[in-house]
Amino acid sequence: MDLKWLQTFIAAAESESFREAAEHLYLTQPAVSQHMRKLEDELDMRLFLHSGRRVVLTDEGRLFLPYAKEMIHVYQAGKQKVSQWKQGYSRSLTLAVHPYIASYILPRFLPAYIQKHPHVELSTHVAGSDAIKQAVEHNEADIGLSRKDPNTNTLYYQHICEGTLCLAAPFQESRPDAASVLTRYRLLTHDHPSYGDAFLDNIRSHYPYLQMMAVGQTDTAVHMMKAGMGASFLPTYIIKQEEAEKKLMAVSTPAHLELPASQTFMMWKRNSEDIQHFHAMLHDFMQREQV
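The numbering of the sequence shown is UniProt numbering, which starts it at 1 and goes up by one.
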């Protein structure tokens, strides 16, 4: 049996069209029809019924479809394993990470990890906190790194670091106070999951004329502040780096603002040796860096 026949069968079954399957696979429509005839002859069953310009799976076709997908999956997984072996990898880890962690923590942590574990192939996918948890639960990621407590009974998870937030503003030589910054700039919000609406309501109660603008991502807030467009409450870890380059600055805040902590959580589903090594190294790094 030719694997190309299976790939063509799957494409035709999902699109219910030989024409669309041909376009998707860069084949001619007669080639798709030929693949299906050969597959039906091999299996001794009819896979499709024709209905106008569409094709519909027969009962036999519906039964066979998941097995066809599994055969393609096994072939691709085996091919990937051989490719990893040729590249010197013997194991792999897939990470689902929050955008802040991907931008500001992993670039500093991963070089040391890779140097110590050169045979582990790493894949990184950036996602929001809820999607990270789902990826680990559904075995789409081995490790999840989030800024939000997963609060779940289906996974192992650990709070691996608690950092601090600070009020960040565009850099200037004289250091202003919080009141002058929040009067001069709009407050860029919802760029970090460490605080919610209650924290913003508290700020608004002390600075009623404050203007706010939701930006959604830490990176967006950082770029906007560098352009002089606003101020934001962000992890002190980021601002230390930017302050050294005279791009942003940390501003002292009064105690009544009650700044929340900046949290980092790691979650995983299986207790493999590779995951435990990753966890130990990341925990030590986060404590040392005081992220």
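Glycine is no exception: its CB is placed at the ideal position from the N, C-alpha and C atoms.
Check each candidate in the options and name the one with the smallest Cα separation from residue i.
i	options	result
Asp274	Ser262, His50, Thr189 and Leu95	Leu95
Arg91	Pro118, Gln134, Leu257 and Arg184	Pro118
Gly128	Met281, Tyr75, Ala244 and Pro99	Pro99
Lys4	Leu187, His256, Gln76 and Met281	Gln76
Asp2	Ala22, Glu40 and Gly163	Glu40
residue 319	Ile72, Val222 and Gly228	In the structure as shown, the chain begins at 1 and stops at 291. Residue 319 is therefore absent and cannot be evaluated.
Glu70	Pro30, Ser103 and Leu6	Leu6
Gln134	Thr124, Thr152 and Val120	Thr152
Leu257	Leu65, His283, Thr124 and Phe199	Phe199
Glu42	Phe64, Thr28 and Glu173	Phe64
Thr124	Pro66, Glu289 and Leu106	Leu106
Leu282	Ala255, Asp201, Asn139 and His159	His159
Tyr104	Gln115, Glu173, Ile114 and Val126	Val126
Pro150	Asn139, Gly163, Asp130 and His138	Asp130
residue 293	Arg270, Leu25 and Tyr185	Because the chain is modelled from 1 through 291, residue 293 falls outside the range shown and cannot be assessed.
Glu289	Glu245, Asn271 and Ile238	Ile238
Asn243	Asp197, Glu173, Ile203 and Arg204	The sequence shown places Glu at residue 243, not Asn. Comparing Cα positions, the closest option is Glu173.
Per the DSSP calculation, residue i is bridged to which residue(s)?
i	result
Pro235	Leu165
Phe109	According to DSSP, which records beta bridges pairwise, Phe109 is partnered with nothing at all.
Gln158	Met266
His125	Ala96
Thr189	Ala214
Ser103	Its beta-bridge partners do not exist; DSSP assigns none.
Ser146	Phe265
Pro170	Leu248
Val181	According to DSSP, which records beta bridges pairwise, Val181 is partnered with nothing at all.
Val120	Arg91
Taking 8 Å as the cut-off, is the CB of residue i close to at least one heavy atom of the ligand GTP?
i	result
Pro150	The ligand content of the structure shown is nil, which means the ligand GTP is not present either.
Residue i and residue j look like a contact to me (Cβ under 8 Å); what is the Cβ gap, rounded to whole Å?
i	j	result
Thr253	Ala178	5 Å
Phe18	Ser33	6 Å
His279	Met266	6 Å
Cys161	Gln287	7 Å
Phe233	Tyr195	7 Å
Tyr157	Leu182	Their Cβ separation, rounded to whole angstroms, is 35 Å, which puts Tyr157 and Leu182 out of contact at 8 Å.
Leu122	Leu93	6 Å
Asp259	Ala231	Per the sequence shown, the amino acid found at residue 259 is Leu instead of Asp. Not really, about 14 Å apart at Cβ, beyond 8 Å.
Arg37	Glu60	Contact doesn't hold; Cβ gap of about 15 Å is too wide.
Trp268	Val136	6 Å
Arg175	Gln263	At roughly 28 Å, the Cβ-Cβ gap does not stay under 8 Å, so Arg175 and Gln263 are not in contact.
Phe285	Phe109	5 Å
Thr28	Ala21	That belief does not hold up - the Cβ atoms of Thr28 and Ala21 are roughly 11 Å apart, past 8 Å.
Ala261	Gly163	7 Å
If you measure from the beta carbon of residue i to each beta carbon in chain B, is any gap under 9 Å?
i	result
Glu289	The structure shown contains no chain B; it is built from a single protein chain.
inquiry  = Below 8 Å, how does it come out for the segment 141-153 and the segment 200-213: are there three or more Cβ pairs, yes or no?
reply    = Segment contact: the segment 141-153 against the segment 200-213, fewer than three CB-CB distances shorter than 8 Å; contact not assigned.
ask   = Contact between the segment 217-232 and the segment 187-199: three or more CB pairs below 8 Å?
value = Taking one beta carbon from each stretch, the segment 217-232 and the segment 187-199 have 3 or more pairs nearer than 8 Å; the two touch.
inquiry  = Any contact between the segment 49-56 and the segment 8-23? By contact I mean 3 or more CB pairs, one from each, below 8 Å.
reply    = Output reads yes: the segment 8-23 touches the segment 49-56.
request  = Mind listing, in chain order, the continuous beta strand (DSSP E) runs of no fewer than 3 residues lying wholly within the segment 22-101?
outcome  = Segments of the beta strand (DSSP E) lying fully in the segment 22-101: 48-51, 54-57 and 91-97.
ask   = Enumerated in chain order, which unbroken segments of the beta strand (DSSP E) with a length of 3 residues or greater are wholly contained in the segment 196-275?
value = Runs of the beta strand (DSSP E) inside the segment 196-275: 212-214, 231-235, 248-251 and 261-268.
inquiry  = With three or more beta-carbon pairs closer than 8 Å as the criterion, would you say the segment 168-188 touches the segment 238-255?
reply    = The answer is yes - the segment 238-255 touches the segment 168-188, with three or more Cβ pairs under 8 Å.
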